[in-house]
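This report concerns only the one structure given below.
Numbering (the numbering used here), first residue to last: 3 to 298.
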């Protein structure tokens with residue numbers, strides 16, 4: 003709940019704007035009195051219009067006083083709605099599943115600001131200069147990438163199915179031109195979007211990271227001992243038998259014995275078949291997934 007306490011009530015800007023509204027089959031225009039609510043937590047602004055029964059488009063001081071009294075209540079209602087929506091979103095992105103997938107997840111608002119992200123996305127944002135957060139907006143090392151991101155975001159948020167770009171992954175490079183991430187934006191459909199609701203989700207793949215094989219998953223799935231699971235994980239991460247033995251501070255002969263037990267328990271015929279099997283297992287992205295897997 004600490005994250006919810008950081009949300010501040012939207013600031014009220016009571017600079018009223020009066021304008022006339024002419025409804026169909028209406029001979030004389032009615033009057034609207036509009037004011038602005040600004041949320042400093044994500045930079046969003048909401049224009050609230052009160053339709054008044056004042057023919058001729060004229061407002062009075064009493065009208066302004068009435069709307070002034072109503073404005074704080076509307077702002078408070080808006081803040082509670084956004085706090086509830088943000089809390090639900092944070093719980094989703096902090097769930098075991100969202101924390102264990104091998105990609106970063108970032109939820110975008112209608113204005114393209116980042117409402118929340120999972121822990122893996124946070125790790126990626128702290129690595130290098132290809133992608134970072136400034137305030138609540140994503141910033142890229144290359145201006146061309148930033149422009150492309152805005153185009154894709156707009157296409158997805160507006161649900162422009164005719165836009166082929168919305169189905170494409172966006173390559174993200176660092177300042178040296180090295181390809182660092184692959185980014186894709188997908189709609190986040192939870193019904194009609196309201197203030198504070200996410201409308202799109204960014205999926206971020208780290209192209210420089212090596213997928214690890216989780217020892218706890220191996221031990222649970224194939225009833226391996228701790229040393230057998232350690233050896234299997236080292237082999238699955240690219241080590242040969244000699245390197246794995248050296249890493250575990252055991253002899254090659256002992257490593258071969260552990261390997262024979264691993265092959266027997268997993269049903270793999272040889273190291274090549276074992277490597278193929280391990281490649282299909284979930285990647286290691288933190289202890290939360292391991293705990294959930296073991297408890298399941």
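Ideal Cβ positions, reconstructed from N, Cα and C, are used throughout, including at glycine. Owing to the predicted nature of the structure, the values given are computational and were not obtained by experimental measurement.
In the structure shown, residue 138 falls within a coil segment according to DSSP collapsed to helix, strand and coil. Residue 78 carries a helical assignment under DSSP once its states are collapsed to helix, strand and coil. Here residue 46 is buried, its C-beta having at least 16 other C-beta atoms within 10 Å. If you look at residue 158, you'll find it in the alpha helix (DSSP H) that goes 145-159.
Per DSSP, residue 250 has no beta bridge partner at all. Taken through DSSP and simplified to helix, strand or coil, residue 217 comes out as helix.
DSSP links residue 241 through a beta bridge to no other residue. With 16 or more other CB atoms across the displayed protein chains lying within 10 angstroms of its CB, residue 232 is buried. For residue 106, the secondary structure class from DSSP, reduced to helix, strand or coil, is strand.
Beta-bridge partners assigned by DSSP to residue 50: 37. Counted as a single uninterrupted DSSP element, the stretch harbouring residue 118 is not any alpha helix (DSSP H) but the beta strand (DSSP E) occupying residues 116-119. For residue 208, the uninterrupted beta strand (DSSP E) run begins and ends at 202-208, by DSSP. A residue is called buried once 16 or more other Cβ atoms fall within 10 Å of its Cβ, and residue 237 is buried on that count. Fewer than three Cβ pairs drawn from the region 58-70 and the region 84-103 lie within less than 8 Å of each other, which leaves the two stretches out of contact. The Cβ-Cβ distance between residue 210 and residue 267 does not fall below 9 Å.
Beyond the five residues adjoining it in sequence on each side, residue 230 comes within less than 7 Å, by CB distance, of 260, 263, 264 in the same chain, given in chain order. Within the DSSP secondary-structure output, residue 175 pairs in a beta bridge with 181. For residue 69, same chain residues with a beta-carbon under 8 Å away, outside a window of 5 residues either side, are 18, 35, 37, 52 in chain order. Residue 280 carries a helical assignment under DSSP once its states are collapsed to helix, strand and coil.
Contact fails between the region 133-145 and the region 233-252, because fewer than three Cβ pairs, one in each stretch, are under 8 Å apart. In the three-state scheme derived from DSSP, where H, G and I count as helix and E and B as strand, residue 255 is classed as helix.
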